[in-house]
Amino acid sequence: MAREINLNHLCKIEGHANLTLKIEHDKVERCELKAMEGARFFEALVVNKNLSDIQEIVSRICGICSSAHSVAAIQALEHALQMQPTPQQRSIRELLMLGERIRSHATHLYFLSLPDYLNASSALSLASKHKDKVNDALALITLGNRIVEAFGGREMHPFLKIKEEMPRTEFSGLLGQLRDAKPILARAIDLFANLPYPQLERTVDYLALKEKKEYTTISGRATSHTGNFSEEDYGKHLQENIREYATAKFVVKDGKPYMLGALARINLNHGQLGTEAKNALTKSLGTLKTSLPFSNPHHNLLCQAIELLEATNRSIEIIEHLPARQDLPQIRIREGKGVAAVEAPRGTLFHEYHIDKTGKITYCNIITPTAQNLNIIERDIAQVVDGLLQAGTSKEEIVRQVEKLIRAFDPCFSCSTHFLQVTWL
Amino acid sequence: MKKPRLKIGVFGISGCAGCLLSVLFEDCFKQIVRLVDIKAFPMIKEEGYEGDFDYVFIEGTVCFDEDIMALNALRKRAKKVVALGSCACTGGVPSIKNFLDQEKVMKLVYPAHNHLKTEPPTPIDQHIKVDYYLPQCPPDKQEIVEFIKCIAQGREFKPYRDPVCFECRRKGNVCLLTKNEICLGPITNGGCNALCPSHGVTCYGCRGACKDANIKAYLAMLKEMGYTDAAMHDKMNTFAGLQFKEQEGDASKWLEK
Numbered sequence: 553m554a555r556e557i558n559l560n561h562l563c564k565i566e567g568h569a570n571l572t573l574k575i576e577h578d579k580v581e582r583c584e585l586k587a588m589e590g591a592r593f594f595e596a597l598v599v600n601k602n603l604s605d606i607q608e609i610v611s612r613i614c615g616i617c618s619s620a621h622s623v624a625a626i627q628a629l630e631h632a633l634q635m636q637p638t639p640q641q642r643s644i645r646e647l648l649m650l651g652e653r654i655r656s657h658a659t660h661l662y663f664l665s666l667p668d669y670l671n672a673s674s675a676l677s678l679a680s681k682h683k684d685k686v687n688d689a690l691a692l693i694t695l696g697n698r699i700v701e702a703f704g705g706r707e708m709h710p711f712l713k714i715k716e717e718m719p720r721t722e723f724s725g726l727l728g729q730l731r732d733a734k735p736i737l738a739r740a741i742d743l744f745a746n747l748p749y750p751q752l753e754r755t756v757d758y759l760a761l762k763e764k765k766e767y768t769t770i771s772g773r774a775t776s777h778t779g780n781f782s783e784e785d786y787g788k789h790l791q792e793n794i795r796e797y798a799t800a801k802f803v804v805k806d807g808k809p810y811m812l813g814a815l816a817r818i819n820l821n822h823g824q825l826g827t828e829a830k831n832a833l834t835k836s837l838g839t840l841k842t843s844l845p846f847s848n849p850h851h852n853l854l855c856q857a858i859e860l861l862e863a864t865n866r867s868i869e870i871i872e873h874l875p876a877r878q879d880l881p882q883i884r885i886r887e888g889k890g891v892a893a894v895e896a897p898r899g900t901l902f903h904e905y906h907i908d909k910t911g912k913i914t915y916c917n918i919i920t921p922t923a924q925n926l927n928i929i930e931r932d933i934a935q936v937v938d939g940l941l942q943a944g945t946s947k948e949e950i951v952r953q954v955e956k957l958i959r960a961f962d963p964c965f966s967c968s969t970h971f972l973q974v975t976w977l
Numbered sequence: 324m325k326k327p328r329l330k331i332g333v334f335g336i337s338g339c340a341g342c343l344l345s346v347l348f349e350d351c352f353k354q355i356v357r358l359v360d361i362k363a364f365p366m367i368k369e370e371g372y373e374g375d376f377d378y379v380f381i382e383g384t385v386c387f388d389e390d391i392m393a394l395n396a397l398r399k400r401a402k403k404v405v406a407l408g409s410c411a412c413t414g415g416v417p418s419i420k421n422f423l424d425q426e427k428v429m430k431l432v433y434p435a436h437n438h439l440k441t442e443p444p445t446p447i448d449q450h451i452k453v454d455y456y457l458p459q460c461p462p463d464k465q466e467i468v469e470f471i472k473c474i475a476q477g478r479e480f481k482p483y484r485d486p487v488c489f490e491c492r493r494k495g496n497v498c499l500l501t502k503n504e505i506c507l508g509p510i511t512n513g514g515c516n517a518l519c520p521s522h523g524v525t526c527y528g529c530r531g532a533c534k535d536a537n538i539k540a541y542l543a544m545l546k547e548m549g550y551t552d553a554a555m556h557d558k559m560n561t562f563a564g565l566q567f568k569e570q571e572g573d574a575s576k577w578l579e580k
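Residue numbers (the working numbering), protein chains in the order written: chain A, 553 to 977; chain B, 324 to 580.
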């Protein structure tokens, strides 16, 4: 008997999405994850614009990862102009990304995912019984905001203009706030290492930027368990497919689904974590009775919690050793093409621009992390639902489990435009 | 007897979730939870509430038919509708598309398929009645809190109506127009404390067209500075092109390309 499961207007995710599952003989025949966002056509909006206006526009793709879109755009434009950023500019950009990562992970962990595990419908209802956790969340969000604000002029949609300069202020206050966050970070890791995560084991390829010496955010080779490539070769490996049912584009790597984000980064780059985060990871693996690499997508939550600590420590390290001010390179407008990849909170983000000799954009292509994760999310949902159907699980419980799984990936449907409504027939 | 708290809904149509996030940030969230009763907020809350609202806050730009259906449904359930952020108030960045060749745009982003249902990207008041506007991209948390305080305490909310230049001058910033940059400060609503120019970045018009602005005189000045119509309009269509276009009154110039 064929039936269909439709989850319409999934909540507690960023953006709007529906999920449709076609089920025949207790097996998922088709799983369609559908962004319910109108297409906003960013790649076309920047064509013919001046390169100096681009960051201001593409930053608006996403309120949650506006730093990532800003930094990716600026670095791609620099590549097109054959310019190198100064060490100070690199520090500013990394701090914008780290602050944003802290804020984004904290919002996802406590406001979107945690209620699933505490039998609460929302963080609002957590406020009475788990006030301490809501306060920790707000404190971490504030911390992230302060970093982005200090180096980008405001907490969202930072100012970044290829010629960005370090503000001439003191950062001792911010350093104090970062150091004071240690107890909150320890509680966060403890909390997310001890949640009763559903079992789900599978093998899939992971992708993240990698540098030899650091847990990278703004540079590196795109690296997976099957090989690596430099950012400008993304087009040779990543293919965007458009599906009739979705405004989002579905991306495969060398023809196959793969996973991005905190879990992928920890799997590929745990060796580059700072000592404190490394120790916290080792301890958490013991608590969860698992080992690296992580293969359960639900463990993405723990990986984000570890990254909260790493991002805080890395921010302290950068601010304590800020490079000296130096003259910025002159911008010389020339014709060219440039690609840049950065590690946004949800994974590797690619921006490509072509510029003509007057400094106008002639082509833009953007591949967002969620668009790259959609294939594996669909595949994992099908696997989970197959198992639940065989176990004779109730409809309500299947929906609950599917939503939990989708949230674990921390999808962002504004970015992908390009996501979930589930309909039971 | 204590008055019951106002019933609030916080929703988004096609957008970047930045405004919704602003509501969650720090003090803003604490204050709002204290002052009003959030009955629905799909980004962070399961949808269980089916009743009416005193105030509904809406983020985003109308980009496809589902957005219009969502707006109509929300309008019916809300005593007052508040447009939150530049997209809802003026169309925001997605509204740039109104000034481009539609077919080229579609081909560029979705080359092989033409299965997408789209609507011209428009602010929400082109589809439903809007009672209050809280513009800016991202919206100012202080302003959101002030608005919530006003409605919770039954005070009148007074929107800021002077151009960005007023606050900019008061802060003693060097005028970016004198550096020969296109700054939209003279024709844009202030209330942002001249945030962008204070960081050496020109105003992009994210709080919308200032009602008393003399756009014709402003454009004549830019022309004297050596800028082409195309360059001026390119800048003006970043956040509030539809409003500037309406106020300038000379629509033909905007339809080139």
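Just so you know, even glycine gets a beta-carbon here, dropped at the ideal spot from N, CA and C.
Predicted model, so just to flag it, every value in this text is computed and none were measured.
Under a 10 Å Cβ-count criterion, residue 708 of chain A is classified as buried, with 16 or more other Cβ atoms of the shown protein chains found around its own Cβ.
In this structure residue 909 of chain A touches residue 886 of chain A by the C-beta definition: roughly 7 Å separates them, less than 8 Å. Contact check for residue 482 of chain B against residue 509 of chain B fails: the beta carbons are separated by 7 Å or more. Close to chain B, meaning a Cβ-Cβ distance shorter than 9 Å, are the following residues of the region 579-601 of chain A: 588, 589, 590, 591, 592, 593, 594, 595, 596, 597, 598, 599, 600 and 601. Secondary structure of residue 408 of chain B (DSSP, three-state): helix.
Within chain A, no C-beta atom comes less than 7 Å from the C-beta of residue 454 of chain B; the nearest is roughly 24 Å away. Here the C-alpha atom of residue 355 of chain B lies approximately 14 Å from the C-alpha atom of residue 367 of chain B. Annotation: Cβ neighbours of residue 567 of chain A in chain B (cutoff 7 Å, chain order): 340.
If you draw a straight line from the Cα of residue 764 of chain A to the Cα of residue 488 of chain B, it is about 49 Å long. As DSSP reads the structure, residue 616 of chain A sits in no beta bridge. Across the structure, residue 931 of chain A and residue 652 of chain A are spaced so that their CA atoms are roughly 29 Å apart. For residue 506 of chain B, the closest Cβ of chain A is not nearer than 7 Å. Considering only A/736, A/558 and A/625, the residue with the shortest C-alpha distance to residue 662 of chain A is A/736. For residue 349 of chain B, the chain A residues whose Cβ falls inside 8 Å of its Cβ are 690, 693, 694 and 697, in order along the chain.
The beta-carbon distance between residue 386 of chain B and residue 760 of chain A, rounded to whole angstroms, is 32 Å. This is too long to meet the 8 Å contact definition. Within its own chain, the residues whose Cβ lies closer than 7 Å to the Cβ of residue 595 of chain A, once the five positions on either side in sequence are excluded, are 916, 917 and 918, listed in chain order. Residue range 579-587 is occupied by the beta strand (DSSP E) that includes residue 584 of chain A.
Close partners of residue 368 of chain B in chain A (Cβ separation under 9 Å): 563, 564, 667, 673, 674, 675, 676 and 677. Per DSSP, the unbroken alpha helix (DSSP H) holding residue 936 of chain A starts and ends at 921-942. A straight-line Cα-Cα distance of about 13 Å links residue 577 of chain A and residue 940 of chain A. In the DSSP assignment, residue 901 of chain A forms a beta bridge with A/894. In the structure shown, residue 575 of chain A adopts extended strand secondary structure according to DSSP, grouped into three states. DSSP assignment within the region 487-556 of chain B yields the following whole alpha helix (DSSP H) runs of 4 residues or more, N-terminal first: 487-493, 518-521 and 538-547. DSSP places residue 333 of chain B in the uninterrupted beta strand (DSSP E) bounded by 330-335. If you keep only unbroken alpha helix (DSSP H) runs of at least 4 residues inside the region 676-740 of chain A, you get 683-704 and 724-732.
Here residue 572 of chain B is exposed, its C-beta having fewer than 16 other C-beta atoms within 10 Å.
Counted as a single uninterrupted DSSP element, the alpha helix (DSSP H) harbouring residue 786 of chain A occupies residues 786-789. About 6 Å separates the beta carbon of residue 415 of chain B from that of residue 562 of chain B, a gap short enough to meet the 8 Å contact definition. In the DSSP annotation of this structure, residue 746 of chain A is not part of any alpha helix (DSSP H), being labelled neither H nor E. Chain-ordered, the chain A residues with CB closer than 8 Å to the CB of residue 352 of chain B read 690. By the CB criterion at 7 Å, residue 332 of chain B and residue 362 of chain B fall inside the cutoff. Per DSSP, the beta bridge partners of residue 906 of chain A are A/889 and A/915. Taking a Cβ-Cβ threshold of 7 Å, the residues of chain A close to residue 386 of chain B are 590, 591 and 592, in chain order.
In terms of beta-carbon proximity, residue 527 of chain B lines the interface with chain A, with at least one pair separated by less than 7 Å. For the pair residue 693 of chain A and residue 348 of chain B, the CB atoms are nearer than the 7 Å cut-off.
Distance from residue 666 of chain A to residue 685 of chain A at the Cβ level is roughly 7 Å; contact confirmed, criterion being Cβ atoms closer than 8 Å.
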